[in-house]
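Everything in the sequence shown is counted per the working numbering, starting at -7 for the first residue and increasing by one. Yeah, the Cβ is synthetic: ideal placement off N, Cα and C, and Gly gets one too.
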Amino acid sequence: MKARIVGTGSYLPEQTRTNYDLEKMVDTSHDWIVARTGIEERRIADATECTSDMATIAAQRAMDMAGVTADEIDMIVLGTITGDYPWPATACIVQANLGAKNAFAYDVSAACSGFLYALSSANDFIVAGRGKRVLVIGAETLSRAVDWTDRNTCVLFGDGAGAILLEAQESDSGVLSCHLHSDGNFLELLYQPGFGAKHPVSVEGIGARLSYLKMQGNEVFKVAVRSLTEVSKEALAANGYTSADVGQFIPHQANLRILEATTKRLGLTEEQSFINVHKYGNTSGATIPIAIDEAYQQGLLKEGDLILSAAFGGGFTWGSALIRW
Ligand SMILES: CC(C)(COP(=O)(O)OP(=O)(O)OC[C@H]1O[C@@H](n2cnc3c(N)ncnc32)[C@H](O)[C@@H]1OP(=O)(O)O)[C@@H](O)C(=O)NCCC(=O)NCCS
-7 MKARIVGTGS YLPEQTRTNY DLEKMVDTSH DWIVARTGIE ERRIADATEC
43 TSDMATIAAQ RAMDMAGVTA DEIDMIVLGT ITGDYPWPAT ACIVQANLGA
93 KNAFAYDVSA ACSGFLYALS SANDFIVAGR GKRVLVIGAE TLSRAVDWTD
143 RNTCVLFGDG AGAILLEAQE SDSGVLSCHL HSDGNFLELL YQPGFGAKHP
193 VSVEGIGARL SYLKMQGNEV FKVAVRSLTE VSKEALAANG YTSADVGQFI
243 PHQANLRILE ATTKRLGLTE EQSFINVHKY GNTSGATIPI AIDEAYQQGL
293 LKEGDLILSA AFGGGFTWGS ALIRW
């Protein structure tokens, strides 16, 4: 029994924020951002949109592609760190929006690795024979968690959502493996200090801008490249493949330099590596399902192709998935 991808969908908000727009907000330049990150623009949710809205549209599109109705869904798992509320889970709001009355739903908090963590849970659920169809979603409204006065971070992130629909099938195609890792010792290199239980909402906390994402970019960069490379090799070795067997490498879209360094270390060619970070920036848990949907729409994913995906994010968390399309 394998979990096969039978539908993909994505949603990007209409509003584009270019590097030139950012030049008017912080002390930065289009050239600096492109040279250091490869990002040219990102999408920003409008005031009426939040994570559940974008996730619902992406999920509905994945269901439409597969021709599956809401009551045929058994489980909805959503990777996000920018849910609509601290609790309950945003996946429950998506479940209600879709009318997926037979599905149970929960969120996974693994930052930029959230989608692959969610995919791993969904795959285990299907392989164990506990259900037939699972929506796996990554959706983020990072524009509400980013400090738009901090040039070190605000240039990197954007909003969006992507989804895949997994279906149990007797097939050689589908998810071949998932490998996940965490190391909580690196927490303070990439995190949101407030307003959880440690630093609840306070006037001082608001003044110190504790509710915004904080990052030490240099350090994150080094560990990200190393971890993405290692966990990708782990996926290939576990299945007896090499880089030459990969049809498309669909990594978390953090920034172009991380992607290029990882691709090079893995010995993959440019043609094998899918990149859209220039258009959307880093949408955290949403980058991989958005990229899968775009790669599919562009005709880059053909039946039988080997798809390698890898992610890295706050926690630290990192992981990989190998999929036979
Ligand atoms: C954030 C990142 C682009 C910064 O690039 P960098 O080459 O490491 O740059 P540094 O942080 O060393 O800063 C170099 C200089 O640029 C400045 N700088 C930082 N952001 C800037 C910006 N947006 N515009 C202009 N200058 C900027 C710094 O203040 C620093 O100035 P100084 O030398 O006067 O102190 C890079 O570290 C990175 O991509 N890190 C990974 C981040 C990431 O992907 N996180 C998510 C992982 S899931």
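Simplified DSSP assignment, three categories, for residue i
i: Asp175; result: coil
i: Lys124; result: coil
i: Arg34; result: strand
i: Val238; result: coil
i: Met67; result: strand
i: Leu258; result: helix
i: Leu220; result: helix
i: Glu226; result: helix
i: Tyr77; result: coil
i: Thr29; result: helix
Buried versus exposed call for residue i [16 or more other C-beta atoms within 10 Å across all chains shown]
i: Glu159; result: buried
i: Tyr288; result: buried
i: Gln264; result: buried
i: Val212; result: buried
i: Met67; result: buried
i: Asn94; result: exposed
i: Leu179; result: exposed
i: Ala88; result: exposed
i: Ser105; result: buried
Residue i versus residue j - alpha carbon distance
i: Ile118; j: Arg125; result: 8 angstroms
i: Met57; j: Thr0; result: 7 angstroms
i: Glu252; j: Asp116; result: 31 angstroms
i: Ile299; j: Asn210; result: 29 angstroms
i: Arg249; j: Asp63; result: 43 angstroms
i: Asn177; j: Phe308; result: 8 angstroms
i: Ala283; j: Tyr3; result: 11 angstroms
i: Ile190; j: Thr145; result: Going by the sequence as given, residue 190 is Lys instead of Ile. Roughly 23 angstroms between the two C-alpha positions.
i: Gly78; j: Ala27; result: Strictly speaking, residue 78 in this sequence is Pro, with Gly absent from that position. So the alpha carbons of these two residues sit roughly 36 angstroms apart.
i: Gly121; j: Ala(-5); result: 10 angstroms
i: Val269; j: Lys225; result: 23 angstroms
i: Thr29; j: Tyr109; result: 25 angstroms
i: Gly59; j: Leu127; result: 13 angstroms
i: Ile198; j: His244; result: 31 angstroms
Cross-strand partners of residue i (DSSP beta bridge)
i: Asn274; result: Phe149
i: Tyr12; result: Paired residue(s): none; Tyr12 is not in a bridge.
i: Gln208; result: In DSSP, Gln208 forms no bridge with anything.
i: Ser(-6); result: The residue you asked about is not Ser; residue -6 is Lys in the sequence shown. Beta-bridge pairing links Lys(-6) to Gln161.
i: Gly311; result: Leu172 and Ala303
i: Gly(-1); result: Leu157
i: Ser21; result: BP columns for Ser21 are empty, so no partner.
i: Arg316; result: Gly166 and Leu298
Neighbourhood of residue i by C-beta distance below 6 angstroms, restricted to the same chain and skipping five residues each side
i: Ile129; result: Ala47, Ala51, Leu70 and Ala155
i: Ala278; result: Gly130, Ala131, Glu132, Gly152, Ala153 and Gly154
i: Leu292; result: Gln240
i: Ser113; result: Val69
i: Asp139; result: Arg201 and Tyr204
i: Ala246; result: Asn274
i: Gly91; result: Ala62
i: Leu181; result: Gln208, Glu211 and Val212
Close-in-space but distant-in-sequence residues of the same chain around residue i (CB under 7 angstroms, 5 per side omitted)
i: Asp99; result: Leu70, Thr72, Gly75, Ala81, Thr82 and Ala83
i: Glu162; result: Met(-7)
i: Arg9; result: Glu33, Arg34 and Ile36
i: Val223; result: His171, His173, Ala302, Trp310, Gly311 and Ser312
i: Ile85; result: Ser44 and Asp76
i: Met17; result: Trp140
i: Thr221; result: Thr254, Arg257 and Leu258
i: Gly123; result: Asp66, Met67 and Phe117
Chain-order list of residues whose beta-carbon lies under 8 angstroms from that of residue i (same chain, five-residue window excluded)
i: Pro319; result: What the structure shows of the chain is the stretch from -7 to 317, and residue 319 is not part of that stretch, so it cannot be assessed.
i: Trp317; result: Ile(-3), Ser165, Gly239, Leu293, Lys294, Glu295, Gly296, Asp297, Leu298 and Ile299
i: Asn231; result: Leu168, Ser169 and Leu314
i: Leu228; result: Thr234, Ser235, Asp237, Val238, Leu300 and Leu314
i: Asn11; result: Thr20, Ser21, His22, Ile25, Val26, Ile31, Glu32, Glu33 and Val147
i: Ile242; result: Phe266, Ile280, Ala283, Ile284, Ala287, Ile299, Leu300 and Ser301
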